[in-house]
Amino acid sequence: RRLETNVDVSSVLQTISSSKVAIIHSGESTQLKNCTEVIRTCGYEENVEVVQIRVNESGKERLQFITLRNQWPLIFIKGDAIGGVDELKKLSDAKILGEWLRNHQYDLVVIGGGSGGLAAAKMAASFGKKVVVLDYVKPSPQGSTWGLGGTCVNVGCIPKKLMHQASLLGHCIKDAKMFGWKIPEGEITHNWINLKNGVQDHIAALNWGYRVQLREKEVTYMNSYGTFTGPFEISATNKKGVVEKLTADRFLIATGLRPRYPENVPGAKEFCITSDDLFSLPYAPEKTLCIGASYVSLECAGFLKGLGFDVTVMVRSILLRGFDQDIAERIRSHMKELGVKFESAVPTRIEEIEPKTKTKAGRLRVFWEKALDDGSKTETSEEFNTVVMAIGRDAMTKDIGLNVVRVETSNNGKIKSRREQSLTCPYVYAIGDVLENVPELTPVAIQAGKVLMKRLYGGIDELTEYDEVPTTVFTPLEYGCCGLSEENAYERYGKEDIIIYHAVFFPLEYTVAERMDKDHCYCKLICLKSEKERVLGFHILAPSAGEIAQGFGIALKLGATKSDFDRLIGIHPTVAESFTTLYLVKKEGEAELKATGC
Ligand code: FAD
34 RRLETNVDVS
44 SVLQTISSSK
54 VAIIHSGEST
64 QLKNCTEVIR
74 TCGYEENVEV
84 VQIRVNESGK
94 ERLQFITLRN
104 QWPLIFIKGD
114 AIGGVDELKK
124 LSDAKILGEW
134 LRNHQYDLVV
144 IGGGSGGLAA
154 AKMAASFGKK
164 VVVLDYVKPS
174 PQGSTWGLGG
184 TCVNVGCIPK
194 KLMHQASLLG
204 HCIKDAKMFG
214 WKIPEGEITH
224 NWINLKNGVQ
234 DHIAALNWGY
244 RVQLREKEVT
254 YMNSYGTFTG
264 PFEISATNKK
274 GVVEKLTADR
284 FLIATGLRPR
294 YPENVPGAKE
304 FCITSDDLFS
314 LPYAPEKTLC
324 IGASYVSLEC
334 AGFLKGLGFD
344 VTVMVRSILL
354 RGFDQDIAER
364 IRSHMKELGV
374 KFESAVPTRI
384 EEIEPKTKTK
394 AGRLRVFWEK
404 ALDDGSKTET
414 SEEFNTVVMA
424 IGRDAMTKDI
434 GLNVVRVETS
444 NNGKIKSRRE
454 QSLTCPYVYA
464 IGDVLENVPE
474 LTPVAIQAGK
484 VLMKRLYGGI
494 DELTEYDEVP
504 TTVFTPLEYG
514 CCGLSEENAY
524 ERYGKEDIII
534 YHAVFFPLEY
544 TVAERMDKDH
554 CYCKLICLKS
564 EKERVLGFHI
574 LAPSAGEIAQ
584 GFGIALKLGA
594 TKSDFDRLIG
604 IHPTVAESFT
614 TLYLVKKEGE
624 AELKATGC
């Protein structure tokens, strides 16, 4: 079947998505003959309709951009770009092509029912595709497991934000007194079990909701662990060890990450918990050590301190690697003022003094090396009730049979891709945290899942934009940002081309409450001089920074300049209005700014 088309890439993509074989070309007849010959001899027994679509130069450019492939003619098998004639031959020689063209049980197997996997599965089903989602949680070393929905819902964003809110409310009670509320005299205490139960009840409702949504969309859900056992085959193993084999045309890996334990730290795996365990901890954590400088470590330390626990953060080097370091240090100093202790060290071993019970935290002794002024080191130790290991998270790709489908991963186990398509296996895709070089955030995983499925099954010409993604660290004083950090801006554009406007301020709400954190709120815009001061980075350290960063994020996507921020009239009295009146230029070595109020 031959089709001619002008520039409408969407209609080309739609034809591709519904064709077993599609060859996109500009009239190269020998190449087309070679393609059809390879398909005829690939071992597939039935006749295959080969759709040939001739496109003009701009159509060619766009398709090569979408697929990130420069071979031409460009060949698609069941909607997946594979490259040119050479790649087709390789697939045929490896006996993959014939097998691919056969019918399989499912259009799509999604491995991992977290933020990304669920969004993708539902979107694929909305195009009438037959989809199965496998989601299985391997128990943490401490034995924690959870329901459908992945990290965000069960052990990530949701419980974390609720506990952050619980901690903020503690501050509000103190503020309330200053605003005239009669709060009973004496110490106001917090009940961890009540908080934990409330949070877990909400999570259970969400787990149930996800199951209902899958049923409504006619997506098959299996609470099973998926492993590739053949080129188009997955073995799904359930809790009882029963294995079911599933075949599909296409696979989506959305298996996410799990917290890492350090190697060579005796006692770490036996006695430390991670964020996988903290939010369902059946006893109050009491005196806690958070190990690691990740946002997870700081967020957990922040809310635990706010709930009234004694908290120490142990870090090897800098805080919040990858984030703006000026802000990271401001977060450290704010948390210190709240009473969180910081220890620059790495643990060497952890010993149990008294085991935990179902209702009470145990006692652990943590040992570490401390550098002395003369450069020598001495071993020191301290007792804690709970140790939270938050030194990073690893990709869940080690034992899912990627070698069977020859899906290549980088050193950290993340999947290498061309857009979201595996670099080495054209019918396997990956989204979310498990994909290399993308922000590890829930909305990113969701967007990638939806956009990919719309492109593959609906022929919609869209790509996920992984840059200028607004995000927030929910430390006691929230840090919202979008775009580049100072460090990245200097690296990308050179120091001479960067100008930074900034201000320290305090929210009106702090005044009557006489909050100690008056001088900690901070905002800055990092701008590119040579492009009319286009805003490259937006940063704010303030209450509700998440809400503020989300709103201003659109300005960065639209290429806003400093003068656009100046033209915007503020909403008074708010924290966010600080961005409409920024005039101070940040200078190297200048003294710390003094706060201005609204
Ligand atoms: P996940 O949600 O991790 O889902 C993967 C699923 O696949 C899991 O259920 C896993 O058990 C399952 N699985 C793995 N292997 C297999 C297999 N072989 N077979 C079957 N199932 C398998 N992001 C934000 O945007 N905002 C936040 O505030 C935020 N806070 C966070 C706080 C914490 C403490 C943590 C740990 C993370 C936080 N994140 C936050 C990150 C966010 O949770 C992740 O970016 C998001 O969950 C990634 O989604 P995903 O679909 O890639 O993977």
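So for the sequence shown, the working numbering puts the first residue at 34; every next one is plus one.
Every residue, glycine too, gets a C-beta built ideally from N, C-alpha and C.
query: Per-residue DSSP class, three states only, for residue 175; result: coil
query: Sheet register partners of residue 401 (DSSP bridge); result: 380 and 413
query: Secondary structure of residue 324, DSSP reduced to three states; result: strand
query: Within the region 228-287, ranges of the beta strand (DSSP E) (whole runs, at least 3 residues); result: 253-255, 257-263, 266-271 and 276-286
query: Which listed residue (609, 321, 608 and 571) has its alpha carbon closest to that of residue 592; result: 571
query: Range of the contiguous alpha helix (DSSP H) that encloses residue 104; result: Counting along the chain, residue 104 falls outside any alpha helix (DSSP H), and DSSP gives it neither H nor E.
query: Segment contact, 8 Å Cβ cut-off, at least three pairs: the region 150-162 with the region 103-112; result: no
query: For residue 289 and residue 178, believed in contact at Cβ under 8 Å, the rounded distance; result: Contact flag wrong, Cβ pair sits at about 15 Å.
query: The ligand FAD heavy atom lying under 7 Å from the CB of residue 473; result: yes
query: Close-in-space but distant-in-sequence residues of the same chain around residue 379 (CB under 7 Å, 5 per side omitted); result: 349 and 401
query: Straight-line Cα distance separating residue 44 from residue 457; result: 27 Å
query: Identity of the residues DSSP links to residue 396 by a beta bridge; result: 387
query: Runs of alpha helix (DSSP H) lying entirely within the region 141-208, each at least 4 residues, in chain order; result: 148-159 and 183-188
query: From 387, 175 and 331, residue whose alpha carbon lies closest to that of residue 309; result: 175
query: Opening and closing residue of the beta strand (DSSP E) in which residue 572 lies; result: 567-574
query: heavy atom of the ligand FAD below 7 Å from residue 429 C-beta; result: yes
query: Cβ-heavy atom distance, residue 193 to the ligand FAD, below 7 Å; result: yes
query: Residue 287 CB to nearest heavy atom of the ligand FAD below 7 Å; result: yes
query: Proximity below 8 Å, CB of residue 595 to CB of residue 534; result: yes
query: The beta strand (DSSP E) enclosing residue 539, as first and last residue numbers; result: 531-539
query: Pairwise C-alpha distance: residue 358 and residue 558; result: 14 Å
query: Residue 504 versus residue 180 - alpha carbon distance; result: 26 Å
query: Pairwise C-alpha distance: residue 609 and residue 490; result: 41 Å
query: Same chain, Cβ closer than 8 Å to residue 602, neighbours up to 5 away in sequence not counted; result: 613
query: Residue 170 beta carbon less than 8 Å from that of residue 195; result: no
query: Secondary structure of residue 375, DSSP reduced to three states; result: strand
query: Residues of its chain near residue 340, where Cβ-Cβ distance is below 8 Å and the 5 sequence neighbours each way are ignored; result: 196, 199, 200, 203, 223, 225 and 228
query: Buried versus exposed call for residue 133 [16 or more other C-beta atoms within 10 Å across all chains shown]; result: buried
query: heavy atom of the ligand FAD below 7 Å from residue 310 C-beta; result: no
query: 8 Å Cβ cutoff met for residue 279 and residue 462; result: no
query: Cβ contact (3+ pairs, closer than 8 Å) linking the region 391-407 and the region 422-442; result: no
query: According to DSSP, residues forming a beta bridge with residue 426; result: 292
query: Proximity test, residue 168 beta-carbon vs the ligand FAD heavy atom, cut-off 7 Å; result: yes
query: Rounded C-alpha distance that separates residue 405 from residue 412; result: 10 Å
query: Which listed residue (330, 130 and 164) has its alpha carbon closest to that of residue 352; result: 330
query: Stretch-stretch touch, CB-based, cutoff 8 Å, three pairs: the region 266-282 with the region 444-453; result: no
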